[in-house]
Amino acid sequence: MIDQIKNIIKQISETWDKWSSARWMKGISITSGVIWNLALILLIVIIVGGAFAGSVGAGYFASLVNQEPLREEAEMRASILNYEETSEVYFADDVYLGKIRTDLQRKKTELKDVSTFVINAVYATEDEYFKVHDGVVPKAILRGLFQDVTNSANQTGGSTLTQQLIKNQILTNEVSYERKAKEILLALRIEKFMKKDEILEAYLNIIPYGRNSSGDNIAGIATAAEGIFNIAAKDLTLPQAAFIAGIPQAPFAHTPFTSGGELKDEVALKPGIDRMLTVLYRMKETGYITEDEYNAAVAYDIKKDFRGPESLPQERYPFLTYELEREAKKVLSEILATKDNIDPSRLESEEKLRGKYDILAERAMRTNGYRIHSTIDQVIYDEHQKVKDEFNNYGTTYKEERYDAETKENMLIDAPVQVGSMMIENSTGRILSFIGGRDYSIEETNHATQGYRHNGSTMKPLVGYGPAIEYGVIGAGSPLVDVMFTLNIPGQIPYKPSNYNSTQELGIMSARKALAVSQNLPALRLYDSIKDRKPTSFLQKMNFSNVTESTHANVSTVLGAVDVSVQENTNAYATLGNGGQFVEAYMIEKIEDADGNIIFEHQSEAVPVYSPQTSYIVTDMLRDVLSEGTGMRAKSELKFSSDFAAKTGTTNKNYDVWFMGYNPSITLGVWLGYDTPRNLEDNSGMYSRPGERVNMLWAKLMNASYDVNPKLIDPNVEFKAPKGVVSRSFCAISGLAPTSACSNAGLVTSDLFNANTFVPSKADDSFVSSSYVLIGGNRYRSLPSTPKEFVVSGGVGVNKDFIDRMLGRLGGDASKLFPTNSSFASRVISEDTFNADGAAPAAVSASLSGKTLSWSNSPSNDVVGYRVFRRSGGSNALLSSVKEATQNSYQVSGPGEYFVVAVDITGKQSSGSNTAMIEEPKPEPEPKPEPKPEPKPEPEPKPEPKPEPKPEPKPEPVPPVEPVPPPGDSEDE
């Protein structure tokens, strides 16, 4: 065998020798040598050039990342995991409301809550080598660089999931080699710090997925699954996962929804569906799904899974959503200021500082994924909106011109009667519900929290009656004066207030009654008596925003001449319902961060405003508003019985009407008015009076609330009088301790007092005996010269000191302290003396209707009555004396001439009126007898007895009178 091999080698050697000795072989050897040498030279050049190019490239790469700081692990983790997450808002009891408005909706999720179909689809289409690379794939980078240098139209990209995460969370979307170099460097670095699952989870939470069915921009797999298919990310099917995984390549081309939240048409949907098919194909090619799964997914109609139109919370609950955002921003701004060691109270007074933290709070609220929990009861809130929408008695909707910023023209818009309401839980301050307005599209102002208007008579208990009881000035039934006055203020027009019914003055009346029927004049006089003590401090304790140190000086403050919001007003009445303890109303219960940590939780704090005794007495007085005052209509509309107290309010010219009502559990306040103030009186419907309409709306809202939660709305408990509330007897006209004179006059009454501040102890000293006359419906002390037939004797009068004390520094007409329409009219006489004009009264005119003689009132203002005369045979006979303000008529008895004279308080008479006559009847002629047939003879009748003549009636005695001139003549003094 060896020999054979040797022979073969020998033969080859001999053959090579022959060839090499040949001429042609010598030429080939020379050529191959040249080629070999050239190859060696080229290889050396390539190696040297490559090394040079590599050095240059490395140097260039180093220069690109030279300014990039060396990031620590903690810093990089924080940047990667700090992706924006949309905050959410909730009703009370964790009932979901919706997401806060933001430019990008995102909800964080964990990898374990994501479908494996999604994960595999991402691997197949975005980063096939994700599990094995170290952050970058060199081949992909070189491919991308070559495509960029050659300006290739088919750019396949070269970024791994890690690089995309770096680009979105640490760098920017800037297209430059510098950004790409930094991206590669950071991707390699982050892979050393984070596990693959952490990187993948972060990627799935930050990647954009186009739009949801509301038209919002969305990012993150959880938001995409919910916003596109209305399911959780872990429940996505293979076709759904493939569709979503295909969106990031071109988010707005592949998303199925328009910016308006509408589903695209067939043509516009095609790019997204085609991309889904591509994803499915790659999943099959990379072995993530089988051929059968692929075929089934390709045949699946994905369009039927797309979510239908979804209304945003600001569309379903515009007033509520925006209000919660405002309130949450306030809370967060204070939290952020506190973190910066800044006293949050400074935000109220320092505008620049407040502006800074408002911006920071706004940004945090929209990007930090907070869970904002409110106090709003969804069912009660929904029912209130339903009542508001169905109420038919608001009044007329007018048209108003308003400038439109878009068209830059004035446009006619609807101007309806607006409404604002709020329901507060007394003991906690929780705002359970509110009504922000009729229609957010017409007017965006929240009339419950942002609208400020005068609160009319609802201010009376808060700054008038309540403080007066607290100061020990009055009790519940103490007498107040309902008499007009003029307040002269230097440099101003004299102030001449009146009651709502401007002609009505009720004289002395109880505080309880004055409050129940809402008389203005007693409230003004009461406030004037305490204003030097600054009763507006009670309002300041309850955080009324428009009350200043000088507000107390204006007496009209007690009539509601202060701008307040519905929330402020309702919160104040909830204070009365809470025993005088003010608990500030609030709407944000707590705020959690994205990890579920509570960063804010409301803590209610009670602030004493009124004593429990004063609070109860005012409440007891306000019970009468519903039983006999201005709230009777509301009570009649209620479907249930509860211990309610209430107060109504109407502002000047009927611009605003209010109804505030509360029981031991809750308080509901309602306001009606036009945005541009105008009179609410409306004769177009059944209920023209605005006060009646607000009564009805309050009752309907309360009834709807009761239907939802009867235990909350009607707690089946009553207000209980605390220790120190006592009932005491007093003289009704003075408020002092009763005496025998007061008792004899039947004027002793009793009511509630705060024993800690005031009970009647000083004996009454008001009474004197008195005789009086009536002039103009009012009572005046009679004069010695007053004709006795016009004087009422034996009455109970009051002395001058009492009059001066009751009228106080504001003064007024003392004769109106006890007008005929007052509750004391039949028992008490004012001791005021009427100043007569000294002239004889003007004559009156008389007329007859049948046997009723009537006459006009004398134009003179000092007339105490009228005398009726009959002229017969040249002499005048006095028939009757009629007191003024009783009646202007007299029944005459037969034919004659009648006239009337007016008599004044001094006894002077007017000239006689015109004569009214009843003529003597003329005798009728006897009729001629008709011929009669001869009668049959009858027996003669017995003669009838003649009647005895009746005696003539004696004339009634007539009091002596002054000579009366004939009608038409004047009387001289």
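Residue numbers for the sequence shown follow UniProt numbering, beginning at 1 and rising by one.
The beta-carbon is built from N, C-alpha and C at its ideal position, and this holds for glycine as well.
- For Ala699, the closest C-alpha among the options Asp292, Phe644, Pro841, Glu128 is that of Phe644.
- An exposed status is given to Ala250, since fewer than 16 other beta-carbon atoms sit within 10 Å of its beta-carbon.
- Distance from Glu681 to Asn652 at the Cβ level is roughly 13 angstroms; contact not present, criterion being Cβ atoms closer than 8 angstroms.
- Remark: C-beta atoms of Ala902 and Gln909 approach each other more closely than 9 angstroms.
- In the DSSP assignment, Pro239 falls outside any beta strand (DSSP E) and lies within the alpha helix (DSSP H) extending over 238-246.
- DSSP places Met76 in the uninterrupted alpha helix (DSSP H) bounded by 73-81.
- Around the beta carbon of Gly220, 16 or more other beta carbons lie within 10 angstroms, which makes this residue buried.
- Nearest to Arg282 by C-alpha distance, out of Val122, Gln163, Gly369, is Val122.
- The shortest C-alpha to C-alpha distance from Asn554 to any of His602, Gly464, Lys195 is the one to Gly464.
- A distance below 9 angstroms separates the beta carbons of Asn426 and Ala574.
- In this structure Glu310 touches Ser213 by the C-beta definition: roughly 4 angstroms separates them, less than 8 angstroms.
- When only Cα atoms are considered, Arg453 and Arg525 end up about 24 angstroms apart.
- In this structure, the straight-line span from the alpha carbon of Arg438 to that of Arg211 is close to 32 angstroms.
- Taking 4 residues as the shortest admissible run, the stretch 274-306 contains the following complete alpha helix (DSSP H) segments, listed from N- to C-terminal end: 291-299.
- In its chain, beyond the 5 residues on either side, Val136 have a beta carbon closer than 6 angstroms to the beta carbon of Ile184.
- Around the beta carbon of Ser822, 16 or more other beta carbons lie within 10 angstroms, which makes this residue buried.
- Shortest Cα-Cα distance from Phe659 to any of Ile493, Asn569, Leu42 involves Asn569.
- Per DSSP, the beta bridge partners of Asn368 are Glu85.
- With a 10 Å radius around the Cβ and a threshold of 16 neighbouring Cβ atoms, Lys816 comes out buried.
- When DSSP states are grouped into helix, strand and coil, Leu539 belongs to the helix group.
- Lys647 and Thr619 have their C-alpha atoms some 10 angstroms from each other.
- Arg211 has Asn217 as its beta-bridge partners, per DSSP.
- The residue among Glu718, Trp671, Asp707, Ser705 with its C-alpha nearest the C-alpha of Asn695 is Trp671.
- The beta carbons of Ser457 and Gly673 sit no closer together than 9 angstroms.
- Counting only residues of its own chain and dropping the five nearest sequence neighbours on each side, Gly691 has a CB closer than 7 angstroms to the CB of Thr630, Thr648, Thr650, Val657.
- DSSP places Ala202 in the uninterrupted alpha helix (DSSP H) bounded by 196-206.
- Below 8 angstroms, enough C-beta pairs join the stretch 631-639 and the stretch 701-721 to call them touching: three or more.
- The continuous alpha helix (DSSP H) containing Val694 extends over residues 690-708.
- The beta-carbon separation of Pro722 and Pro612, rounded to 4 angstroms, stays under the 8 angstroms limit for a contact.
- A straight line joining the alpha-carbon of Arg870 with that of Lys851 spans about 13 angstroms.
- Per the coordinates, the alpha-carbon of Asp801 lies some 54 angstroms from the alpha-carbon of Phe391.
- Nearest C-alpha to Glu88 among Arg101, Met76, Asn82: Arg101.
- The Cβ-Cβ distance between Thr125 and Ala245 falls below 9 angstroms.
- A straight-line Cα-Cα distance of about 57 angstroms links Ala299 and Met702.
- The C-alpha of Ala916 lies about 13 angstroms from the C-alpha of Ser872.
- Residue range 409-415 is occupied by the beta strand (DSSP E) that includes Ala415.
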